Each structure stands twice: as structure tokens, then as C-alpha cells.
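Input: a single structure, listed below in C-alpha cells.
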Amino acid sequence: METQVKEIIARVLNVDLALITNELSSGDIPEWDSVGNLAIISTIEQELELEFPLEDLFDLTSVQSIVDEVNSLKS
Amino acid sequence: MIGATHSPLLCDIARNAVESPDKTALVDGQCRVSYSQLISRVEAAALYLQSMGLKPGDRILLSAQKEAQFVYLYLAAHLLGVVNVVTDSASPRERLDYIISVTGPAVLFGNGLDVPGRRCVPLDAVPLEATAGEIAIPALTSDAVADVMFTTGTTGAPKGVLLSHANIIGSARNTNGFIGTCSSDIEALALPLSHSFGLGRLRCVLIAGATLVLVNNFANLKTFFTVIETEHVTGFGMVPAVWQYIKRLSGKRIARFADQLRYIEIGSAALPESDKRLLIEMFPTTRLCMHYGLTEASRALFAEFHENIDNLNAVGRPASPLVEVCVRDEDGTPVPDGTDGEICVRGNMVTHSYYLPDDNVDAFFGEWFRTGDWGHRAANGDFYLTGRKKELINIGGEKVSPVTIEQAIKSIGIPDCACIAAQDPNGVLGEVPKAFLVRGDSTLDFDDIKRQLTQLLPPNEIPVLWEWVDSIPRTTSGKIQRLKLK
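Residue numbers (numbering that gives the first Met the number 0), protein chains in the order written: chain A, 0 to 74; chain B, 0 to 485.
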């Protein structure tokens, strides 16, 4: 699941997959701005067929936190 | 900087450095820069630019990255009379190539810039310590061009806007006069520096002798809120799209800073009245200042929500006594209050020309800049907008704003939409409205929508052509790009 999430983030932001490390956070690179963040959220929801709870969105600030949330919702 | 009389912006910052040399001017991550350090680093950058052979009137391209080095270079160019061509670091290559071909910059500054045949220098190559030498202050007046900003283009190709040193200081002083930013303020700047709004905030803070905290962007709201808390931030600027983002991702968490935030500046696109009321409720003592302006005429009108609580649809009144706004017909004749026409502006912050002379055609009525926005002035002096002139739909001779139709469609439960002019398929009316709708959770079909609109709009304003789309194209600041819809 981690690889899938990273591939989606790289594709949505149109950046090299190698840039998408677990530590990378929203805002760290110019491409991951507020518009990019919304696109990441909606693309993951659509492609992985899940829905992030509204109250969790505030905490989804890094690649790792998104991977953890997806794993938790899919388990 | 003594002697740089062509740049009142630099003179104001230098004055702050004399009066409060140890006061923090900039915070960039762990780096804190005092006003005296800011001056010495600007001078170091100026000597570096001078050593590259740059002369007054030469252009440099500055890729706007949220770093202190950008600020030093930006101000250093002003000191030498070199013109900044400010671009977005995430500009598509096609746009960047166009800007380079039009302006012919001698050097391109920006991290990761690589343009074949051009001298490219990363921002961090600019020295922070001055080398030996003396800065040659140019013999210019404040009417000399300081910056070239390219419009984001809701209509047509990007236009290079020439802004003089007088224009940029005029806008900053008008803005501070209205909002009240002062030396005790600490502002978080998460807006892009490549846009008139963000770069304008930088100037406002530095001439006030306040502290500017650079934040990459609004994407990570946790970081933004931490900055507000730890740096004791008292103000920030945002566009309406960011407000929607803050609401969606963080609910009302930001309200916990209501007591410390003295002001929020909002601008660049329209904000629904319901959001203005929500902000008033969440920030009962914060000055909520919404501007209307363009790159060509930065911050022409201002409205403060608490003061305008009974009149939140108005876009405001002139930003200062040095700004004049009027409404004119297509011949340039002023129209009476209450009559729609083109909003025109003149004043200390209004550009005198575009970079390409051809772009000046139909851009001015004498000294008055034609905004291309349609609206009217009420008898009490408040201005109202009804749409973009070029986007008005000419239905059988009657010009209708797409915004009116869009508001009606959204009021019946369609989450997002945009209307444009289309040729009347029956060849009778000339133009008719065409609507692009985002379905969202709505279960309505076109016939349902048309039926409901008959209660809200005159028959000729009900769209004739309809299309479902996944999303409405918008600029980064949230304006609908109607020209992308066909």
C-alpha cells in the first residue's frame, strides 16, 4: 500500500517518485501546496476506494501519516 | 542605502534599520534577520549584482522562492535600478520561455533553474557578506520601473505589467493606512511571492518596521498554526480558496488565535457572503480587510467586514485619498451612481504601461486604467462588482453577468458551476448563456435545474446550453478561467 500511495502522490504532484520519501511533508516542495494537497486526498480516496474521515484530514501532513491512515482504513 | 531616493521602499526600510537596528525583520526557518542585517545583506547582494555587470534598466528574472535570499536580491535590484521580472518558481516552461523572450533578462536567479543559453544562478549563490566596493546609486526618479509582474491571465495571453518604484510604495502605504499594520506586528506570509498580493504583503510589513515570518505555503496547516502560535503572529493574508481549504481541513481550529490576530487581509477573488459572516463570527475583534485590485492597480478598493456588516456584498471604497475609482461607459464617459459600467482606477499605485506597447491598446481612458471589471457605485460611495466586461453575455443586446446566473444555479444545490457566452443555436439572440456544472452529490438533471431557475432568473438569462464537467478551471488564486470553457 505504501508504494501505491507514494506513486499517487508523485503522479498528482508531477514530481519524481524518488522525491516522495516517508518524511516528506506537505509544503516541503512547491508542488505540494494546498491545491496539490486537496488533489492528493481526492485521488487517493477515488483510486483506493476509501474516504478519509473529516476530523483526520488536519493530521495528514506527511507521506508517512497518509500511508498510516490508508493502512488503518484498509485494515 | 542612503541616497537611493528613487526607491522610497528602500528608504523606509533603511529608516527602520536606523531606528530599530536589532528588531527582527525576517524569519526564514531557523534564520532570524534583523533590520540592520537585512540592510547589509541587501547591500552585499547589490555589490554582487554590480560585479556581474548589471546596470540600471537591465532586467533580472527572479524565480520567487520563499527564502530570505529572494528578499535580499529583490531589494538589491531596486537599489541598483535593475528591474525585477518576478516569476512563479512552478511556472510551466512555456510561460517561463515566453516571459524570457519578452523581457530579455540578463541573468536568471532561482534554485533549479536551467535555461539553455541563459546565465542561471541559484539563490543561495548570492553572498551574504559584502565584498569590497562601492554601490553606484543610479540617477533615477521614483517613476523608474522597479518590477515587471506578469498577470495570471483570466483573459488572453499573460501581460507584463510595469510597476514603478512610486507604484509599489504607493500600494504599500495605501494598504498599511487601511489595515493598520504597524511595527509591533508579526505577519506570517504563506502567499506566493510571485503574485502581486504576496509580494505586496512583504513590502507592507517591511516599510512598517514589523516582522515577516516566511512560510512555504498553506498546504501544511499544522505548520501554519504552529507558526502563528510560536511566533505570536498578529496578521496574515489569504485568498478565498485558502479560506475554503482551511475550513475543510481544520474546521474552526484557527479561531483559537482570534485574540492574537489583529488583521487578516483577503483578496484576489470573490468571497461568498456566508463566509464573510463566518469570519466575523470567528474573529470578532480582528480587522478583516478584503481588497479589490489587480496587478495593474494593486489594492484599489478595501472593505472591512465588521464595519460593513450590513453591506457585505459591496467590494468597498477607495483604499486611500490618493486612489480614485469611477465607473465609465464604453466611450469613457462617467456614468451616474447606480448605473453599471467599467470600473476604472487612477492613483499612486496604478501602472502607466504594460511591457509591450501593444497591450496598452484599450487599457486606459487617459490616466484612468480600465480594469475590465463591470460594476457600479452606490449613492453612499460603495462599489459593487457584477462581472468581467469581457465575460459579459450579450443576450440580444442586454449584457448579463455570468456571476448572476452562477449564483442562482449554486443556490439550488449545484456545488460549482461557470457560465460563458455561446452563440445562440437559433441565431436569434446573438449570444446565450452556456452553463458548465459540477455534479457533486446533486441528483438534479438539466430539466430539473431549468425548472427551478424559472423562479430565480428572467427567462432570457436561463442557460440554453448545458454540460457536466469534473471541475471548473480556476487560477491559483481562485478566479474562474472562463476562457478555458467552450
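Every residue, glycine too, gets a C-beta built ideally from N, C-alpha and C. Predicted model, so just to flag it, every value in this text is computed and none were measured.
Restricting to Cα atoms, I'd like to know which of the options is closest to residue i.
i: Glu341/B; options: Asn359/B, Arg92/B, Val324/B; result: Val324/B
i: Ala350/B; options: Val147/B, Pro472/B, Pro333/B, Gln480/B; result: Looking at the sequence provided, one finds Thr at residue 350/B rather than Ala. Of Val147/B, Pro472/B, Pro333/B, Gln480/B, the residue nearest in Cα terms is Val147/B.
i: Asn83/B; options: Val232/B, Phe69/B, Arg473/B, Arg40/B; result: Phe69/B
i: Thr140/B; options: Arg481/B, Ile411/B, His5/B; result: His5/B
i: Leu23/A; options: Glu50/A, Glu46/A, Ser61/A, Glu44/A; result: Ser61/A
i: Ile279/B; options: Glu306/B, Asn219/B, Tyr34/B, Ser100/B; result: Glu306/B
i: Tyr291/B; options: Leu277/B, Gly371/B, Leu95/B; result: Gly371/B
i: Asp415/B; options: Asn425/B, Gly395/B, Arg438/B; result: Arg438/B
i: Trp373/B; options: Arg316/B, Pro356/B, Glu329/B; result: Glu329/B
i: Thr282/B; options: Leu192/B, Arg255/B, Pro115/B, Thr338/B; result: Looking at the sequence shown, residue 282/B is not Thr but Phe. Looking at the Cα atoms, Arg255/B is the closest of the given residues.
i: Leu277/B; options: Gln480/B, Ala257/B, Glu66/B, Ala268/B; result: Ala257/B
i: Ala268/B; options: Ile253/B, Leu300/B, Arg252/B; result: Leu300/B
i: Arg228/B; options: Leu260/B, Gln480/B, Pro20/B; result: The displayed chain sequence assigns Glu, not Arg, to residue 228/B. Comparing Cα positions, the closest option is Leu260/B.
i: Leu127/B; options: Lys275/B, Pro7/B, Phe235/B, Val32/B; result: Val32/B
i: Ala296/B; options: Gly250/B, His194/B, Pro356/B; result: His194/B
i: Pro157/B; options: Asp358/B, Glu405/B, Asp339/B; result: Asp358/B
i: Ile419/B; options: Leu452/B, Leu428/B, Asp446/B, Leu482/B; result: Leu482/B
i: Arg271/B; options: Gly477/B, Cys181/B, Gly250/B; result: The amino acid occupying residue 271/B in the given sequence is Pro; Arg does not appear at that position. Of Gly477/B, Cys181/B, Gly250/B, the residue nearest in Cα terms is Gly477/B.
i: Leu74/B; options: Leu456/B, Val125/B, Asp446/B; result: Val125/B
i: Glu230/B; options: Ser183/B, Thr403/B, Gly103/B; result: Ser183/B
i: Arg117/B; options: Val17/B, Ala302/B, Ser100/B; result: Ser100/B
i: Leu107/B; options: Asp440/B, Gln64/B, Glu133/B; result: Gln64/B
i: Arg387/B; options: Pro424/B, Asp339/B, Lys485/B, Gly412/B; result: Asp339/B
i: Thr294/B; options: Glu133/B, Thr150/B, Val314/B; result: Thr150/B
i: Ala545/B; options: Phe304/B, Ser50/B, Ile471/B; result: Because chain B here runs from 0 to 485, residue 545/B falls outside it and cannot be looked at.
i: Ile394/B; options: Ile411/B, Pro239/B, Pro424/B, Ile136/B; result: Pro424/B
Please report the residue range of the alpha helix (DSSP H) in which residue i lies.
i: Leu95/B; result: 92-102
i: Leu246/B; result: Here residue 246/B turns out to be Lys, not Leu, going by the sequence shown. Per DSSP, Lys246/B belongs to the alpha helix (DSSP H) from 239-249.
i: Gln259/B; result: Taken as a continuous stretch (DSSP letters only), Gln259/B belongs to no alpha helix (DSSP H), as it is neither H nor E.
i: Lys433/B; result: Element bounds for Lys433/B: not the alpha helix (DSSP H) but the beta strand (DSSP E), 430-437.
i: Ala44/B; result: 34-50
i: Glu280/B; result: 272-281
i: Asp446/B; result: 445-452
i: Phe196/B; result: 195-207
i: Ile408/B; result: 401-410
i: Glu186/B; result: No alpha helix (DSSP H) holds Glu186/B; the beta strand (DSSP E) holding it covers 185-188.
i: Asp67/A; result: 62-73
i: Arg172/B; result: 164-178
i: Tyr71/B; result: 67-79
i: Val4/A; result: 1-12
Where does the unbroken beta strand (DSSP E) through residue i begin, and where does it stop?
i: Arg58/B; result: 58-63
i: Asp55/A; result: No beta strand (DSSP E) contains Asp55/A, which is instead part of the alpha helix (DSSP H) from 53-56.
i: Asp21/B; result: From DSSP, Asp21/B is part of no beta strand (DSSP E); its letter is neither H nor E.
i: Gln29/B; result: Where Gln29/B is concerned, there is no enclosing beta strand (DSSP E), given that its DSSP letter is neither H nor E.
i: Val324/B; result: 322-327
i: Phe382/B; result: 382-387
i: Cys343/B; result: 340-346
i: Glu146/B; result: Glu is not the amino acid found at residue 146/B; the sequence shown has Asp there. It spans 144-149 - the beta strand (DSSP E) in which Asp146/B sits, taken as one unbroken run.
i: Asp372/B; result: 367-376
i: Ile394/B; result: 392-394
i: Ile419/B; result: 415-422
i: Gly292/B; result: 286-293
Give the C-beta separation of residue i and residue j to the nearest angstrom, bearing in mind that I take them to be a contact with Cβ-Cβ under 8 Å.
i: Asn216/B; j: Ala189/B; result: 5 Å
i: Val399/B; j: Ile392/B; result: 5 Å
i: Leu162/B; j: Ala145/B; result: 6 Å
i: Ile479/B; j: Ala421/B; result: The pair is not a contact, with the Cβ atoms about 16 Å apart (cut-off 8 Å).
Practice task
Below 7 Å between beta carbons is the criterion; list the residues of the region 205-228 of chain B that meet it against any residue of chain A, in chain order.
Solution key: Asn215, Asn216, Phe217, Ala218, Asn219, Leu220, Lys221, Thr222
Problem - At least 3 beta-carbon pairs within less than 8 Å: the region 40-47 of chain B vs the region 245-253 of chain B - result: no
Handout entry: chain B contacts made by the region 23-38 of chain A, where a contact means CB separation under 9 Å
Key = Ser24, Ser25, Gly26, Asp27, Ile28, Pro29, Glu30, Trp31, Asp32, Ser33, Val34, Gly35, Asn36, Leu37
Practice task
Answer yes if the region 307-314 of chain B comes into contact with the region 375-382 of chain B, meaning at least three C-beta pairs across the two stretches below 8 Å, and no otherwise.
Solution key: yes
Practice task
Select from the region 37-61 of chain A all residues with a C-beta closer than 9 Å to any C-beta belonging to chain B, and list them in chain order.
Solution key: Within the region 37-61 of chain A, the residues whose Cβ lies closer than 9 Å to some Cβ of chain B are Leu37, Ile40, Leu53, Glu54, Leu56, Phe57, Asp58, Leu59, Thr60, Ser61, listed in chain order.
Handout entry: Any 3 or more C-beta pairs closer than 8 Å across the region 421-440 of chain B and the region 452-464 of chain B
Key = yes
Handout entry: Inter-stretch contact (C-beta, 8 Å, three-pair minimum) for the region 69-79 of chain B and the region 24-42 of chain B
Key = With the rule of 3 Cβ pairs closer than 8 Å, the region 69-79 of chain B counts as touching the region 24-42 of chain B.
Exercise for the section: Would you list, in chain order, the members of the region 89-112 of chain B that have their beta-carbon closer than 7 Å to a beta-carbon of chain A? Expected result: Ala89
Problem - Cβ contact check for the region 0-17 of chain A and the region 206-214 of chain B: 3 or more pairs under 8 Å - result: no
Handout entry: Against chain A: residues of the region 269-285 of chain B by CB proximity under 7 Å
Key = none
Practice task
Decide if the region 256-267 of chain B is in contact with the region 281-297 of chain B; the criterion is three or more beta carbon pairs, one per stretch, under 8 Å apart.
Solution key: yes
Exercise for the section: Could you name the residues of the region 459-476 of chain B whose beta carbon sits closer than 8 Å to any beta carbon of chain A, in the order they occur along the chain? Expected result: Thr475
Practice task
Could you say if the region 169-184 of chain B and the region 84-93 of chain B meet the contact criterion of at least three C-beta pairs nearer than 8 Å?
Solution key: Pairwise C-beta distances place the region 169-184 of chain B out of contact with the region 84-93 of chain B, as fewer than three of them are shorter than 8 Å.
Problem - the region 229-245 of chain B: positions lying closer than 8 Å to chain A by Cβ - result: Listed by position along the chain: Ala240, Val241, Tyr244.
Handout entry: Validate contact between the region 22-36 of chain A and the region 215-235 of chain B using beta carbons, cut 8 Å, 3 pairs
Key = yes
Problem - Sufficient close CB pairs (3 or more, under 8 Å) joining the region 48-63 of chain B to the region 109-118 of chain B - result: Yes: the two stretches touch, three or more of their Cβ pairs being nearer than 8 Å.
Exercise for the section: Closer than 7 Å, Cβ to Cβ, to anything on chain A: give me those residues from the region 434-449 of chain B, in chain order. Expected result: none
Exercise for the section: Please name the residues in the region 248-259 of chain B whose beta-carbon is closer than 9 Å to at least one beta-carbon of chain A, in chain order. Expected result: Legend: CB atoms of the region 248-259 of chain B lying less than 9 Å from CB atoms of chain A belong to residues Leu248, Ser249, Gly250, Arg252.
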